[in-house]
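From first to last, the protein sequence lines stand for chains A and B.
Taking numbering that gives the first Met the number 0, the leading residue of the first sequence gets 0, the next gets one more, and so forth.
Taking numbering that gives the first Met the number 0, the leading residue of the second sequence gets 0, the next gets one more, and so forth.
Each remark here refers to the structure printed beneath this line.
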Amino acid sequence: MNEDTITAQDFRDTATAIEEQVGHVIVGQRELVRHTLITLLAGGNALLEGVPGLGKTMLVRTLAQAVDCAFSRIQFTPDLMPADIVGTNLIVEDEAGRRQFQFEAGPIFANLVLADEINRATPKTQSAMLEAMQERSVTVAKTTRPLAEPFFVLATQNPLEMEGTYPLPEAQLDRFFFKIDVPFPSIDELVEIANRTTGAAIPQAEPVADGSTILAMQALARGVPIAGHVTAYVARLLKATHPDDDGNTPEVVRRYVRYGASPRGMQAIILGGKIMALLDDRYNVAFDDIRQAALPALRHRLILNFEAQAEGVTTDEVIGMVLEEVIADDV
Amino acid sequence: MDELANELELHLARFGRRLRLRDGWLLGLRTLWIACLAGVLIQIAGRIQPLERPWLWTLVPLVAWALIVLGISLFSSLPLMRVALRVDAELGLKERLATALTLGDWKGGGLEGRKASSMIPIFQSSNLPAFQSSLITLQREDALTSVRAIDPRQAFPLRWLPRPLGLAAILAGMTIALALLPNPMDAVLAERAAVAQALEEQAEQTEKLREEIENAQKLTPEGREELLRQLAELAQQLRANPGDREEALADLSKMEQALRQELDANSDARQAALEGLAAQLQALAGEETGETTDLSDAAEALEELTQQLAEMDAAERNSLARSLAGAAARAAQAGDTSLAQALAELAQGIQSGDSEAAAHAAQAMSETLAQAERELADQAAIRRVLAELQDGRQAIAQAGQSQALAQSQGQTQSQGQGLGQSQSPGQGQGQSPGGGQPGGGGGTQADTLPPGSSTGRADRPQGAGLPGSVGELDQQVYVPWERRQASGDELFIPGQETGQGETEVRDQTDPLPGTPGQALVPYYEVYHEYLDTANQTIERSYVPSGLRDYVREYFSRLEP
C-alpha cells in the first residue's frame, strides 16, 4: 500500500492487526503498545522508562515481527563507542590481496532499533545515537549514509540504577516523540505472562504490515484535518507549561516548573492526536485526543525545579493540573 | 457554497434554534424565583405602606421576567460555530461539526462575509494530495452522518429543574397567600380614596364659589380680587392633594385663618347700624319701610331728604339734624367712623341751613353708604366662604371615617370622662336670643373621650366641666351670639347739661346685648388653635387610630 491507495479504514485495520499481534506476545500493557505504535506511525522515536524485565525488548522485537521490519538491539554500556552504533570502516583484503576500506554498518542500520539503557552510555555515544535519530543518516569518514525507512528507535531507561549513569540532557530528551512509562503488570497479567512464557509454546507475532505500509500510514496520519480552535488549544496548553508567561499561567506551573515544553511538544501532541483520531474511527482531531496525547508528549519536556523534587511532585501531576485549568473551548 | 456545507449549516441552524429555546427555558426556570421573590416583597411593601392595586404591581416583575426570557430565547446571538462547538461538547461528537464547519470555510464557500479572523485557516492551498482531500471529504461526510441522526428535540430536551422551581413555587404560594389575606392598608387606601373624593368635591365647590364671587356685583374690587386669588389657590391645593387629609385640613385652616383676620368683628353691628340708619332715613324722608331694609334704599331716602331740605323750616331742619347727629353717634359707636363723620357733616350742613353744604355732605354720605355697602358685602362674602370652608373641612374630616369610627367607638366606649364638655364651658353668651344665658351647648357627644391629662400635654383642655382656661389661652371662650334680626333694647344714658358747647341727644340702640363681665373671646377664634394643638399631639404621641378619629370627629362637630 502507498499513501495514495491506503484508506482510513485500511489504516485502522492495519493498526488494529499490529496491536493484536503484539498482544499475542505482550501481556496487557495496552497503553504502552498503543503509544509505541502511535510513535511508530508518527515517524518519531519513543523513550521507555521502566524497571527491568517488563518486556520492553520483547515489545520492540514483536513489533518488528508484526511489521516485518529489520530489528536490532543496542545495549548501551559505559564503554560503548559511537562507532559501535553507527558502524565504522574496516580494512579488508580482497581476493587480489589489495587492502581497502569497507564500511561495516552498525546496528543502527535497521528499521526498528532498541537502544537499551541509553543513559548508561557516555554523552559522546549518546549524541552519536541521537544525531542519527534526528538526521536519519549516519556520516562516517565523510560519507553520509541514510538510514532505513521507516526508522524507529525505542530507547529505554532504568529508573532504579541511576548511579554511574549519564542522564540524557534536556535538549536530547526533547528529540523523543513520546516518553512512555512502563508500569508493573497486575497479578492477572503476571499470571498470564507466566503461562505464556514458561510453557512449551512461545507465542510469536505474525507480520501484518511491511515497511511501505508503515510509511503510507505515516503519510495518511499527517493528512488528518484539525480545526483551528483545536490547534489553538494545543498552543494554549504548551504556553501554559511556561512559568514566565503572562497572567494565564497556572499556579502549579509557576510554583514547580523551571522550564516549559518546546514546540516539539506541540508537534508531538498534534501528530499523536491525529493518529488517535484515526484509530477512533474519526477523521478530525478532538479535544480528547489532545488530552490523551499531552501526557506522553510533555512529561519528558517539562523540567521541574527543586521545590517540586523536594515535595515529590511529578511531571504527570503538573501536566494533569494544567489540563484541568486550561479551557478547551475558547473560541 | 457546496452541498455539504449547505446541509451542515441547515442542521446547525436547527440546532441553534433549539439551543436558543433551551437556553431561554433554563434561564426562565432558574430566574423565576427572582420574579416570585419580587412579588412577595411587593406584597409585603403593600402591607407596610398603602399601595394602590398591589396585585397589579405584583404582576410587573413577572411580566418583566417573561419579556426578558422571551427576548433572550428569540434574539440572543448564537453564531454557527458556537452552535457547532456546543453540540460537539454536549453530544460527545468529538469536534466533528466544528471541524466540518471550518473545512467548509476552506472550501471557499458557505461562510462568506463571516470574520475570517475568527477561525485559523487550516489550509493555505488547494493543491493537496489526493489522500488528504479524501480525508477532508470523509470528515465532512462523517460530521453530516452524525448530525443527520440527531433529533434536536430529543438531544436537547427541555428539562425541569426541581430546585429552582420548588423555590419559585414556595415564593409564589407566599405571594398568593399575602394577596388573599386581609390587608390593613386597605382601610387606609379606602380612607384616602374617600378623602380624595371629598377633596375633589371641595375643589369643585370652591370653583363654584369662586364663580359666584366673580359674578357678585357689590364687592369691592380689592376684596373680590383677594377672595378670588385665595379660592383659586385653595382649589389648586386641593386638586394637587393626593388624598392627605391632614394636609387638606391644614390648607383649609390656613385659608380660614387668613379670612378670619380680614373678618370685621363689628361688621354685624355695622350692618345693623346701617340698616337702622337706612330705616331712619326712610322714615325721615317719609317713605315706607319694609321688613328688610336695603342700604340702597338709604341712598334714595337721603336723596329725597336732600330735596326736601328746601321746603323745611328751621325747626324741621334742626330736628333732622339732631336725628342725623344721633345716627352719627350710633355709627361712631358701631365703629364706622367715616359714616359717622359723613352723618355729622350732613347734620351740620342741614342745621346751618347751607343747602349747598348739605347737598355736598349728602353726596359724600351717599358715597360713604355705597362704600359701606360694598365693604359689608365683602364681609358677607368672607363669611359665606368661611361657612363653605367649614362645611368642607367637616366633610373632609369625616370622609372615610364611618368604618373607622365604628371601630373606635367600640374601643373607647368604656374609656374616659366628659372631656368634651370642657370645650364648651357654658359661659357663653347669646346662644339664645335675649342673651345673657349660659350657652353651654357647644359641647360634643364625645362623652367617652378620656380625660385630657391622658394625652400628657399641659395645654390640653383638662378635666370635666372646667371652664376653658387652657395653657396659654387665659381668656374664657364663649359661644358667639347669632346676629339678631331686630335692633336691641333702647338704653337711656343720662347726661349733664352744662350750657356750654353743643348739646346732643342720642338715641342709641345697643346692638350688643349681653352681660358685662370679663373680656370674652368667641370660641371660633381659638377653635383652630385648639384644633392645631390637638392634631399635633395626635401625630406626635401614640394615640390609637380609633381615638384619633374620635378627636377629629369631636372638633369637626365643634366647628363654627
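Positions of the beta carbon are idealized from the N, C-alpha and C atoms, including for glycine.
For clarity, every value in this text was computed on a predicted model and none was experimentally measured.
The three-state secondary structure of A/Q99, taken from DSSP, is strand.
Take B/W64, set aside five residues on each side of it, and the residues of its chain with a beta-carbon closer than 8 Å to its own are G27, T30, L31, I33, A34, in chain order. Interface residue (Cβ-Cβ distance to chain A less than 8 Å): B/E94 is classified as such. By the criterion of a C-beta distance shorter than 7 Å, B/L18 is surrounded in its chain by L77, V82, R85, F155, once the five residues flanking it on both sides are discounted. Between B/I47 and chain A, the shortest Cβ-Cβ separation is not below 8 Å. The residue from A/D83, A/F102, A/P202, A/P81 with its alpha-carbon nearest to that of A/I90 is A/F102.
Among the CB atoms of chain A, one or more fall inside 8 Å of the CB of B/T98.
Beta-bridge annotation (DSSP): A/R144 is paired with A/V137. Rounded to the nearest angstrom, the gap between the Cα atoms of A/F286 and B/E94 is 7 Å.
For A/A120, no alpha helix (DSSP H) segment is defined, and its DSSP state is neither H nor E. Interface with chain B (8 Å Cβ-Cβ cutoff): A/G264 is excluded. Along the stretch 284 to 304 of chain A, the positions whose C-beta sits under 9 Å from a C-beta of chain B are V284, A285, F286, D287, D288, read in chain order. In the DSSP assignment, no residue is bridged to B/A197. By the C-beta criterion, the stretch 306 to 320 of chain B is judged to be in contact with the stretch 342 to 360 of chain B, since at least 3 inter-stretch pairs fall below 8 Å.
DSSP, read as helix, strand or coil, puts A/N88 in strand. Residue contact with chain B for A/P166: absent (no Cβ-Cβ distance below 8 Å to any residue of chain B). Taken in chain order, the whole alpha helix (DSSP H) runs of length 4 or more contained in the stretch 153 to 194 of chain B are 161 to 179. For a Cβ distance threshold of 7 Å, residue set E94 of chain B lies close to A/V229, ordered along the chain.
Around the beta carbon of A/N194, a 10 Å sphere encloses fewer than 16 other beta carbons of the protein chains shown; the residue is thus reported as exposed. DSSP assignment within the stretch 219 to 305 of chain A yields the following whole alpha helix (DSSP H) runs of 4 residues or more, N-terminal first: 227 to 239, 250 to 255, 262 to 278, 286 to 297. The beta-carbon of A/R281 is placed less than 8 Å from the nearest beta-carbon of chain B. A/Q64 carries a helical assignment under DSSP once its states are collapsed to helix, strand and coil. Taking every protein chain shown into account, the CB of A/G246 has fewer than 16 other CB atoms within 10 angstroms, so this residue is exposed. For a cut-off of 8 Å, the C-beta gap from A/I268 to A/I289 is around 6 Å, short enough to register as a contact.
Boundaries of the alpha helix (DSSP H) around B/K253: 244 to 261. Where B/L50 is concerned, there is no enclosing beta strand (DSSP E), because DSSP gives it neither an H nor an E.
Chain order gives the chain B residues near A/D328 as L84, A88, where near means a beta carbon separation below 7 Å. In this structure, DSSP gives A/I201 a state outside helix and strand, which the three-state scheme calls coil.
For the options A/P242, A/F176, A/I213, the alpha carbon positioned closest to that of A/L294 is the one of A/F176.
No Cβ of chain A is located within less than 8 Å of the beta carbon of B/L26.
At a cut-off of 8 Å between C-beta atoms, B/D150 does not count as an interface residue with respect to chain A. Neighbours of B/T144 across chain A, judged by C-beta separation under 9 Å, do not exist; the nearest C-beta is about 11 Å away. With a threshold of 8 Å between beta carbons, A/A307 makes no contact with chain B.
In the DSSP assignment, A/T155 falls outside any alpha helix (DSSP H) and within the unbroken beta strand (DSSP E) covering 151 to 156. For B/F554, there is no enclosing beta strand (DSSP E); the residue is found in the alpha helix (DSSP H) stretching over 544 to 557. A/I73 sits in a strand when the DSSP states are folded into three classes.
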